[in-house]
Amino acid sequence: MVVALTELQQSVRERLPDYANPCFCVALSGGLDSSVLLHALAALRPQIPDMKLRAVHVDHGLQAASTDWAQHCQAVCKNLSVELTVLSVDVTDAKLFGPEAAARNARYAALARVLLPEETLLLAQHQDDQAETYWLQLMRGGGVHGLSGMPATAPFAAGKVLRPLLDSRRIDLQAYAETACIQWVEDPTNADSEFDRNFVRHHLLPVVKQRWPEAAPAIARSARYAAEAAELTEALAAIDATGIWDGCSLGIPELLRLPELRQRNLLRYLIRSAGLPVPSEVRLQEIWSSLLFAAADAQPRVRWRGGFAARYRDRLFVLPTAADSNPNTAAFVLERNAAVNGKLLAVDEAVGLIGFRETVGQGLDPRLLQWPLQLRFREGGERLRPQGAANTRSLKNLLQERGVLPWRRNTLPLFYSGDELVAIGDIWLAHEYCVAVGEPGLLPVWKSAFQLCHPIRESH
């Protein structure tokens, strides 16, 4: 068994990136897999003298014994002389995503916050985990991206993620742990077959392996083939996106010139590129029927969990749900000292950041303003005479003429001095409140939630 121990360590060593000064952070649950990975890495330190190694344990607080697990991880890391960080998270969206996915989302979000730019996050998923993932995706009707399973390496937060055990079987990890006298904790939920992954692990794969003993490596091979096919579809989509995609929208006439299969492939690619979950086949079909072939002046939207697609002026937009939110407050008071200090105020998560920039010969005349200003939002009937214009205009007409995106209009901040509308976002200023040439002025600054979640160049 000493040979097996050495073989697993060598397998891990071969899969580590050959950095000059490698920095690795192990996601340590305290279970078998991550405990073996941490032990193997600690044993490799003499071979990689410049390696920096630490571990992070995420306490989800979902089990009564979670505090004991954190203490166990502390003892393990102390024994291996490895620095440990323990993070506590609140799993708040279990009803929306399910307990497994919600815990995973919270865990990855916590790991992303603490991963350093030069670090590689090491995860302990193994070959049997890959087989489970493949079956789960197969039962969900996943395409080549889903059937690719978990990648061996991928970008993650400020660094990268690496799975050096993907070619190792669980039975090999258990043999390693027993030989090295590694102690680990067992999550009781891992035995609950109400969870899909546990059902696959305890009921489906054992039967498959009885008939096909080499099922796990065969499935891993299929996952690699699917990953290669997925890479080709990504490359084709990137070619198709050239010249018609600006970062959050694409031209619908140009999209429709492509063959239908490439249209669908491109849309999935753009959704993934925006960091959004790919919607179901039903929702994708709704995008085709409701958005791509809608009347030119229509403004339909299709929503799914985490994002939405919208049509406006012959362009298809793909955006996170946050870009289509309404303000939580009807009005907001802007004190001069807070608004004019070189910093932007976080007014509302749906609105973004607000402030003023001191200028000369531009902006509003501070002598005419009644502080504090009122920040309000569109209710209907608002009018303003834009700077340099001869007549007042309705806000509705101004928005339509400027092409302000429909989902941005309800979060457009309206600045009031007393009862007078003096500025509309950072787009229009009231003519009668504008500063004269050479005089000090205040220029509204607005970083919308839309811009913050999609920092591209766009004309409101």
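Counting from 1, one number per residue, gives the positions in the sequence shown under the working numbering. Beta carbons are placed, not taken as given, at the ideal position from N, Cα and C, and that holds for glycine.
So Pro-444 and Ala-430 are supposed to be a Cβ contact under 8 angstroms. How far apart are they, rounded? Translated into positions along the sequence shown, residue 444 becomes position 444. Translated into positions along the sequence shown, residue 430 becomes position 430. With a Cβ gap of about 11 angstroms, Pro-444 and Ala-430 do not count as contacting.
Quick one: what's Ser-35 bridged to in DSSP? What you label residue 35 is simply residue 35 of the sequence shown in a count that begins at 1. DSSP, once it has assigned bridges, lists no residue as partnering Ser-35.
Consult DSSP for Thr-359 and reduce its assignment to one of helix, strand or coil. What you label residue 359 is simply residue 359 of the sequence shown in a count that begins at 1. Under the three-state reduction of DSSP output, Thr-359 falls in the strand class.
Cα-Cα, which of Leu-373, Ser-34 and Leu-364 is closest to Glu-432? Here residue 432 is taken as the residue at index 432 of the sequence shown, counted from 1. For Glu-432, the nearest C-alpha among the options comes from Leu-364.
DSSP beta-bridge partners of Phe-348: Numbered from its first residue, the sequence shown carries residue 348 at position 348. It should be noted that the sequence gives Asp, not Phe, for residue 348. Within the DSSP secondary-structure output, Asp-348 pairs in a beta bridge with Gly-352.
3-residue-minimum beta strand (DSSP E) runs that sit fully inside the region 134-174, ordered along the chain: The qualifying runs are 153-156 and 159-162.
Rounded Cβ spacing between Val-82 and Ser-35 (contact assumed at less than 8 angstroms): Residue 82 sits at position 82 when you count from the first residue of the sequence shown. Residue 35 sits at position 35 when you count from the first residue of the sequence shown. Contact annotation, Val-82 with Ser-35: C-beta distance approximately 11 angstroms; criterion of less than 8 angstroms not satisfied.
Straight-line CA distance for Gly-352 to Thr-321? Taking the first residue of the sequence shown as 1, we reach residue 352 at position 352. Taking the first residue of the sequence shown as 1, we reach residue 321 at position 321. Distance from the CA atom of Gly-352 to the CA atom of Thr-321, rounded to whole angstroms, is 14 angstroms.
Looking at the secondary structure, which residues open and close the alpha helix (DSSP H) in which Ile-271 lies? The residue given as residue 271 occupies position 271 in the sequence shown. Segment 260-273, the alpha helix (DSSP H) holding Ile-271.
Rounded C-alpha distance that separates Gln-183 from Pro-117: Counted from its first residue, the sequence shown places residue 183 at position 183. Counted from its first residue, the sequence shown places residue 117 at position 117. Roughly 32 angstroms separates the two Cα atoms.
List the DSSP bridge partners of Tyr-416. Start at 1 with the first residue of the sequence shown, and residue 416 comes out as number 416. Bridge partners of Tyr-416: Gln-374 and Leu-421.
Please report the distance separating the alpha-carbon of Ala-309 from that of Ile-219. In the sequence shown, residue 309 corresponds to position 309, counting from 1. In the sequence shown, residue 219 corresponds to position 219, counting from 1. Ile-219 has its alpha-carbon roughly 35 angstroms from the corresponding atom of Ala-309.
Excluding the five sequence neighbours on either side, which residues of its own chain have a C-beta within less than 7 angstroms of the C-beta of Trp-245, listed in chain order? Taking the sequence shown and counting its residues from 1, one reaches residue 245 at position 245. Cβ-Cβ distances below 7 angstroms link Trp-245 to Leu-270 in the same chain, with the five nearest sequence neighbours on each side left out; the list follows chain order.
Quick one: residues in its chain with C-beta nearer than 7 angstroms to the C-beta of Gln-47, no 5 flanking neighbours on either side, listed in chain order? Translated into the one-based positions of the sequence shown, residue 47 becomes position 47. So the list reads Arg-13, once near-sequence residues are dropped.
Take the Cβ of Ala-293 as the centre, count every other Cβ of all protein chains shown within 10 Å, and call the residue buried at 16 or more, exposed below. Walking along the sequence shown from the start, residue 293 turns up at place 293. Checking the sequence shown, residue 293 turns out to be Phe, not Ala. Its Cβ having fewer than 16 others within 10 Å, Phe-293 is exposed.
Give me the Cα-Cα distance between Phe-356 and Ala-106, rounded to the nearest whole angstrom. Numbered from its first residue, the sequence shown carries residue 356 at position 356. Numbered from its first residue, the sequence shown carries residue 106 at position 106. Phe-356 and Ala-106: Cα-Cα distance of roughly 36 angstroms.
Do Arg-272 and Trp-304 have their C-beta atoms within less than 8 angstroms of each other? If you number the sequence shown from 1, residue 272 lands on position 272. If you number the sequence shown from 1, residue 304 lands on position 304. Arg-272 places its beta carbon 8 angstroms or farther from that of Trp-304.
Trp-245: first and last residue of the uninterrupted alpha helix (DSSP H) it sits in: As a position in the sequence shown, residue 245 is number 245, starting the count at 1. In this chain, Trp-245 is not harboured by any alpha helix (DSSP H), its DSSP state being neither H nor E.
Applying the criterion that 16 or more other CB atoms from any shown protein chain within 10 Å of the CB defines a buried residue, is Ala-331 buried or exposed? By 1-based counting over the sequence shown, the position of residue 331 is 331. Per the 10 Å Cβ criterion, exposed.
Three-way DSSP call (helix, strand, coil) for Arg-313 in this model: Walking along the sequence shown from the start, residue 313 turns up at place 313. Of the three classes helix, strand and coil, the one that applies to Arg-313 here is coil, per DSSP.
Can you list, in chain order, the residues of its chain whose CB lies under 8 angstroms from that of Pro-253, leaving out five sequence neighbours each side? Your numbering for residue 253 matches position 253 in the sequence shown. Residues of the same chain with a CB within less than 8 angstroms of the CB of Pro-253, apart from the 5 flanking positions on each side, are Asp-314 in chain order.
Whole-angstrom distance between Arg-170 and Pro-206, CA atom to CA atom: On the sequence shown, residue 206 is found 206 positions in, with the first residue counted as 1. On the sequence shown, residue 170 is found 170 positions in, with the first residue counted as 1. Between Pro-206 and Arg-170, the alpha-carbon positions lie close to 13 angstroms from each other.
Over what stretch of residues does the alpha helix (DSSP H) that includes Pro-253 continue unbroken? Translated into positions along the sequence shown, residue 253 becomes position 253. Per DSSP, the unbroken alpha helix (DSSP H) holding Pro-253 starts and ends at 252-256.
How big is the Cα-Cα spacing for Gly-146 and Trp-212? In the sequence shown, residue 146 corresponds to position 146, counting from 1. In the sequence shown, residue 212 corresponds to position 212, counting from 1. So the two alpha carbons sit approximately 23 angstroms from each other.
Which residues does DSSP list as the beta-bridge partners of Asp-59? Residue mapping note: residue 59 aligns to position 59 of the sequence shown, counting from 1. Looking at the DSSP output, Asp-59 sits in a beta bridge with Ser-88.
Where DSSP assigns a beta bridge to Ser-394, which residues make up the other side? By one-based count along the sequence shown, residue 394 stands at place 394. For Ser-394, which the question treats as bridged, DSSP gives the partners Arg-383.
When you compare the CB of Gly-143 with every CB in chain B, is at least one pair closer than 8 angstroms? No chain B appears in this structure, which consists of one protein chain only.
Determine the DSSP secondary structure at Ala-230, reduced to helix, strand or coil. For the purposes of this step, residue 230 is identified with residue 230 of the sequence shown, where counting begins at 1. DSSP, reduced to helix, strand and coil, places Ala-230 within a helical segment of the structure shown.
When the Cα atoms are used, what is the spatial distance from Ala-20 to Asp-50? Indexing the sequence shown from 1 puts residue 20 at position 20. Indexing the sequence shown from 1 puts residue 50 at position 50. Spanning the two alpha carbons is a distance of roughly 8 angstroms.
Expressed to the nearest angstrom, what Euclidean distance is found between the alpha-carbon atoms of Ser-522 and Gly-403? No information on residue 522 is available, as it lies outside the stretch 1 to 460 that the chain covers here.
Take Arg-163 and list the residues in its own chain whose beta-carbon comes closer than 7 angstroms to its own, dropping the five residues that flank it on each side. Sequence index remark: in the sequence shown, residue 163 carries index 163 (1-based). Only residues of its own chain outside the window of five on either side were considered, and among them Leu-123, Gln-125, Met-150 and Ala-152 have a CB closer than 7 angstroms to the CB of Arg-163, listed in chain order.
Looking only at DSSP bridge pairs, what is Lys-52 linked to? Taking the first residue of the sequence shown as 1, we reach residue 52 at position 52. Under DSSP, Lys-52 takes part in a beta bridge, and its partners are Cys-23.
Count the other CB atoms, across all protein chains shown, that sit within 10 Å of the CB of Glu-194; report buried if there are 16 or more and exposed otherwise. Indexing the sequence shown from 1 puts residue 194 at position 194. Looking at its Cβ environment, which holds fewer than 16 other Cβ atoms inside 10 Å, Glu-194 is exposed.
Please return the same chain residues whose Cβ sits closer than 7 angstroms to the Cβ of Ser-168, not counting the five positions on each side in sequence. By one-based count along the sequence shown, residue 168 stands at place 168. Cβ neighbours of Ser-168 beyond the five flanking positions: Leu-8, Ser-11, His-126 and Gln-127.
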